[in-house]
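The sequence shown begins at 97 in the numbering used here and counts up one residue at a time.
Here a beta-carbon is modelled for each residue, glycine too, at the ideal position from N, C-alpha and C.
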Amino acid sequence: MNDAKLQAIEKIETKTQLINDVADKIWEYAELSLQEYKSCDLYCEVLEKEGFTVEKGICNIATAFSASYGQGKPVIGILAEYDALSGLSQEGGALTEKPLIQGGSGHGCGHNLLGAGALAAAIGIKHYLENNNCQGTVILYGCPGEEGCASKAFMARDGEWQKLDAALTWHPEDCNEVVTGSSNSCIQVSYTFNGTASHAAGAPEMGRSALDAVELMNIGVQFLREHMSNKARVHYAITDAGGVSPNVVQPKAQVLYMVRSNHVAETVELQKRVDKIAEGAALMTETTFDRKFIDGLSDTVTNRALEKVLYKNFEELGVPIYSKEELEYAGKLAMTYEGHDNAPGTGSMMDADYADMAIKMQAEYKNSCTKNGISDSDADYGMNGFLLPHYMGEAFKPSSTDVGDVSWNCPTAQIHVAAWPNGCPGHSWQNVASARTDIGHKSAVHAGKVMCAAAIDLYENPEILKEAKAEFEKRTASGYVCPIPEGAVAEALL
Numbered sequence: 097m098n099d100a101k102l103q104a105i106e107k108i109e110t111k112t113q114l115i116n117d118v119a120d121k122i123w124e125y126a127e128l129s130l131q132e133y134k135s136c137d138l139y140c141e142v143l144e145k146e147g148f149t150v151e152k153g154i155c156n157i158a159t160a161f162s163a164s165y166g167q168g169k170p171v172i173g174i175l176a177e178y179d180a181l182s183g184l185s186q187e188g189g190a191l192t193e194k195p196l197i198q199g200g201s202g203h204g205c206g207h208n209l210l211g212a213g214a215l216a217a218a219i220g221i222k223h224y225l226e227n228n229n230c231q232g233t234v235i236l237y238g239c240p241g242e243e244g245c246a247s248k249a250f251m252a253r254d255g256e257w258q259k260l261d262a263a264l265t266w267h268p269e270d271c272n273e274v275v276t277g278s279s280n281s282c283i284q285v286s287y288t289f290n291g292t293a294s295h296a297a298g299a300p301e302m303g304r305s306a307l308d309a310v311e312l313m314n315i316g317v318q319f320l321r322e323h324m325s326n327k328a329r330v331h332y333a334i335t336d337a338g339g340v341s342p343n344v345v346q347p348k349a350q351v352l353y354m355v356r357s358n359h360v361a362e363t364v365e366l367q368k369r370v371d372k373i374a375e376g377a378a379l380m381t382e383t384t385f386d387r388k389f390i391d392g393l394s395d396t397v398t399n400r401a402l403e404k405v406l407y408k409n410f411e412e413l414g415v416p417i418y419s420k421e422e423l424e425y426a427g428k429l430a431m432t433y434e435g436h437d438n439a440p441g442t443g444s445m446m447d448a449d450y451a452d453m454a455i456k457m458q459a460e461y462k463n464s465c466t467k468n469g470i471s472d473s474d475a476d477y478g479m480n481g482f483l484l485p486h487y488m489g490e491a492f493k494p495s496s497t498d499v500g501d502v503s504w505n506c507p508t509a510q511i512h513v514a515a516w517p518n519g520c521p522g523h524s525w526q527n528v529a530s531a532r533t534d535i536g537h538k539s540a541v542h543a544g545k546v547m548c549a550a551a552i553d554l555y556e557n558p559e560i561l562k563e564a565k566a567e568f569e570k571r572t573a574s575g576y577v578c579p580i581p582e583g584a585v586a587e588a589l590l
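Shown next as structure tokens:
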């Protein structure tokens with residue numbers, strides 16, 4: 097690494113306590129999607145003190161913000177998230193499920209760390225631009241509601257990401273890797289059926305059941321499953337069954353649908369078929385319904401040019417180093433769930449040979465820790481303290497992220513940094529517990545360093561951005577189909 101890059105990394109190191117403090121405060125706030133007012137205020141306050149120009153409420157989303165520094169091109173975006181999940185309140189650093197607030201929220205996806213790591217990267221990049229008299233701009237984007245709004249898709253509809261030459265981000269995970277491949281796009285729509293109440297025994301012919309409409313819609317979608325892509329998914333939740341009295345014909349009932357498919361254009365078309373089933377259900381029951389768009393997001397678009405830059409810097413910086421106490425904690429936490437011995441990484445999901453290699457790397461790391469006296473049998477399936485090889489095959493994950501909408505509008509890439517033990521289930525109390533430990537802190541700081549170093553390469557080597565842009569244009573030649581309709585407003589689901 098050159099001196100300018102090393103100095104930027106050192107700047108992040110000097111801000112370790114600040115980064116950790118921000119991560120912990122966001123963890124404590126544990127605010128749900130589009131309710132992250134304290135979290136947003138904290139980030140904006142810190143960023144203003146660090147010398148960024150901050151704008152709150154971008155794209156008409158109250159808890160979204162942008163924080164920029166520099167001038168001219170290239171413009172590099174760093175993406176931060178900070179929303180929590182309902183029902184996952186949990187004591188930090190615990191080895192058993194211990195809610196701090198019964199029924200409260202918690203950072204089961206580690207977004208307290210995600211935002212803090214993005215902050216770290218932005219601080220390092222600003223230091224580089226400021227001290228090397230470089231032309232270029234960094235923008236840290238505060239992206240709320242990833243779990244229940246998909247704010248990045250709303251921002252995409254409004255053209256925000258087209259300002260960028262590239263976007264970089266990361267996510268806490270159980271391993272260290274550069275992320276590759278596509279994911280599922282997703283659309284959420286709520287259907288509220290309206291019927292006519294009546295005595296279910298005395299005058300059933302007078303009633304028009306909204307609950308019947310919901311159930312018939314669900315049956316219609318069940319038959320649709322036979323006739324959709326094998327990568328498509330349709331999920332639903334009855335959010336209002338119309339009451340608890342069986343002797344009343346329910347005049348109102350509501351169901352929430354989530355439609356997924358590998359490509360956003362396919363999801364939009366599949367969603368239209370689900371809408372038709374709702375129309376049919378209303379027709380059969382002589383009810384009406386109100387359709388409310390909730391959110392939508394796109395599949396991710398691979399960019400190998402950016403992935404290679406991230407991987408090179410990840411290799412040079414290495415991975416977080418854990419103490420004996422941290423490894424022992426991770427090992428014990430891993431024993432509280434099934435799957436702690438799974439092969440880690442995206443590549444392991446797609447390729448058996450890669451999975452075998454990943455398991456061997458686990459064993460080698462374990463042996464190294466044991467040899468150096470910093471691990472014992474309790475940590476057999478603990479942290480993956482090594483960088484997985486860059487998987488170059490085609491990859492697909494059935495989950496969804498609104499980073500996909502960014503990737504359809506500018507070259508985008510991301511990394512995973514281990515923030516909890518191997519195989520730790522997503523959206524779990526174990527994730528929440530680990531995200532409030534030094535293991536989590538280290539992941540955020542390290543992610544910031546890798547993204548900062550990669551961004552500096554993009555500023556210093558225009559050919560990399562040129563290559564990334566050419567690949568982006570080729571992969572997105574079919575055009576971006578935004579899943580957010582005109583007029584839709586980002587609203588909290590809960």
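*asked:* If I measure Cβ to Cβ from GLY435 and keep anything under 6 Å in the same chain, skipping five residues before and after, which residues do I get?
replied: Taken in chain order, the residues that qualify are GLY519.
_Mapping the DSSP letters down to three states, classify LYS327 as helix, strand or coil._
Here LYS327 sits in coil by DSSP.
*Looking only at C-alpha atoms, which of SER182, LYS456, GLY583, ARG321 sits nearest to GLY481?*
Closest by alpha carbon: LYS456.
*Can you give the Cα-Cα distance for THR159 and LEU128, rounded to whole angstroms?*
Distance between the alpha carbons of THR159 and LEU128 is about 11 Å.
*In whole angstroms, what is the alpha-carbon distance linking ILE197 and ASP447?*
One C-alpha to the other measures close to 42 Å.
*Tell me where the alpha helix (DSSP H) around MET445 begins and ends.*
442-446 is the span of the alpha helix (DSSP H), which, as asked, contains MET445.
*Can you tell me whether GLY204 is buried or exposed, with buried defined as 16 or more other CB within 10 angstroms of its CB?*
Result: buried.
*asked:* Can you tell me whether HIS359 sits near the ligand GDP, meaning its C-beta is under 7 Å from at least one heavy atom of the ligand?
replied: Judged by which ligands are present, the structure shown has none, so any question about the ligand GDP falls away.
*Which full runs of the beta strand (DSSP E) of 3+ residues lie inside the region 139-221, going along the chain?*
For the region 139-221, whole beta strand (DSSP E) runs of length 3 or above, ordered along the chain, are 149-152, 161-167, 171-176.
*Buried or exposed by the 16-neighbour rule on C-beta atoms within 10 Å, applied to THR192*: THR192 counts as exposed, since fewer than 16 other C-beta atoms from the protein chains shown sit within 10 angstroms of its C-beta.
_Distance check for VAL577 and ALA361, CA to CA, integer angstroms please._
Taking the Cα positions, ALA361 is about 6 Å away from VAL577.
*Are three or more beta carbon pairs between the region 339-353 and the region 305-317 nearer than 8 Å?*
Between the region 339-353 and the region 305-317, the count of Cβ pairs shorter than 8 Å is three or higher; the stretches touch.
_Delimiting residues of the alpha helix (DSSP H) encompassing PRO558_ = Here the alpha helix (DSSP H) through PRO558 covers 558-571.
*Measuring CB to CB, does GLU226 end up less than 8 Å from LEU484?*
It is not a contact, given that the beta carbons lie outside the stated cut-off.
*Supposed close pair THR276, ALA491 - CB separation, criterion 8 Å*: Between ALA491 and THR276 the Cβ distance is about 5 Å, and since that is below 8 Å, they are a contact.
*Cβ atoms of LEU175 and TYR237: under 8 Å apart, would you say?*
The criterion of a C-beta distance shorter than 8 Å is satisfied by TYR237 and LEU175.
*PHE389, enclosing alpha helix (DSSP H) - first and last residue*: Element bounds for PHE389: not the alpha helix (DSSP H) but the beta strand (DSSP E), 384-393.
*What did DSSP end up calling GLY338 once you bin it into helix, strand or coil?*
Residue state, collapsed to three classes: coil.
*Around the C-beta of PRO240, are 16 or more other C-beta atoms found within 10 angstroms, so that it is buried, or is it exposed?*
When all chains shown are included, PRO240 counts as buried.
*Does the region 168-188 come within contact of the region 207-224, defined as at least 3 CB pairs closer than 8 Å?*
When Cβ pairs closer than 8 Å are counted between the two stretches, the region 168-188 is seen to touch the region 207-224, the count reaching three or more.
_One question on the structure: do GLN367 and ILE235 come within less than 8 Å of each other, judged by their Cβ atoms?_
No.
*Is it true that the CB of PRO268 sits closer than 8 Å to the CB of ALA451?*
It is not a contact, given that the beta carbons lie outside the stated cut-off.
*To which residues does DSSP link HIS267 through a beta bridge?*
HIS267 is bridged by DSSP to HIS512.
*CA-to-CA distance, ALA328 to ALA459, given in whole angstroms*: So the two alpha carbons sit approximately 36 Å from each other.
_Residue of PRO521, THR383, VAL344, ASN399 minimising C-alpha distance to PRO440_ = Here the closest residue by C-alpha is PRO521.
*How would you call GLN186, buried or exposed, if buried means at least 16 neighbouring beta carbons within 10 angstroms?*
With 16 or more other Cβ atoms within 10 Å, it is buried.
*How many Å lie between ASP137 and GLN131 at the Cα?*
C-alpha separation (whole angstroms): 12 Å.
*Taking the continuous beta strand (DSSP E) assigned at ILE283, which residues delimit it?*
281-290 is the span of the beta strand (DSSP E), which, as asked, contains ILE283.
*ALA454: which of LYS467, ALA426, HIS486 sits nearest, CA to CA?*
Nearest to ALA454 by alpha-carbon distance, out of LYS467, ALA426, HIS486, is HIS486.
*Express the C-alpha separation of GLU421 and THR363 in angstroms, rounding to a whole number.*
Per the coordinates, the alpha-carbon of THR363 lies some 46 Å from the alpha-carbon of GLU421.
*What residue range is occupied by the uninterrupted alpha helix (DSSP H) comprising ARG253?*
Where ARG253 is concerned, the enclosing alpha helix (DSSP H) stretches over 247-253.
*Range covered by the beta strand (DSSP E) that runs through THR233*: Start and end: 232-238.
*Rounded to a whole number of angstroms, what is the C-alpha to C-alpha distance between GLN103 and VAL541?*
One C-alpha to the other measures close to 15 Å.
*Can you say whether TYR133 is buried or exposed, counting buried as having 16 or more other CB atoms within 10 angstroms of its CB?*
Under this definition TYR133 is an exposed residue.
*Using three-state DSSP, classify ASN527 as helix, strand or coil.*
If DSSP states are grouped into helix, strand and coil, ASN527 belongs with the helices.
*Check whether the Cβ atoms of VAL397 and SER503 sit closer than 8 Å, and answer yes or no.*
In terms of Cβ geometry, VAL397 and SER503 form a close pair [threshold 8 Å].
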